[in-house]
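Per the working numbering, residue 7 is the first one in the sequence shown, and the count goes up by one each step. Where a beta carbon is used, it is the ideal one built from N, C-alpha and C, also for glycine. What you are looking at is a predicted structure, and each value in this text was computed from that prediction instead of being measured.
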Amino acid sequence: MGQVLAVNLRSPVAIASILHRLSGVIVFLLVPVLLWILDKSLSSPEGFDYVKNVVFGNILVRFVVWPA
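Dropping the structure here:
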């Protein structure tokens, strides 16, 4: 198994494929969070302020939400 991985990981196509699958999993896992953020921000002015403070107050959250 180790030799198969060593041979396949030298190929740029294999690396692109693995990264593409990984990004798909990350997007799949973030969809519920993004839907919650949308729901919370549209529910009331207080909800919007809460989401705005969380997203713009934390650089990690801003980095994760930015591509969406």
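Own chain residues within Cβ distance below 6 Å of residue i, not counting five before or after
i	result
ILE43	VAL57
For residue i, three-class secondary structure by DSSP
i	result
ARG27	helix
Close beta carbons around residue i, own chain, < 8 Å, minus the five adjacent residues each side
i	result
LEU41	none
Cβ neighbours of residue i in the same chain (closer than 7 Å, five flanking residues each side left out)
i	result
GLY53	LYS46, SER47
VAL60	VAL67
CA-to-CA distance, residue j to residue i, given in whole angstroms
i	j	result
GLY30	LEU36	10 Å
VAL19	VAL67	31 Å
ILE24	SER17	11 Å
Considering only residues of the segment 43–67, which uninterrupted alpha helix (DSSP H) runs meet the minimum length of 4 residues and lie entirely inside it, listed in chain order?
-> Segments of the alpha helix (DSSP H) lying fully in the segment 43–67: 51–63.
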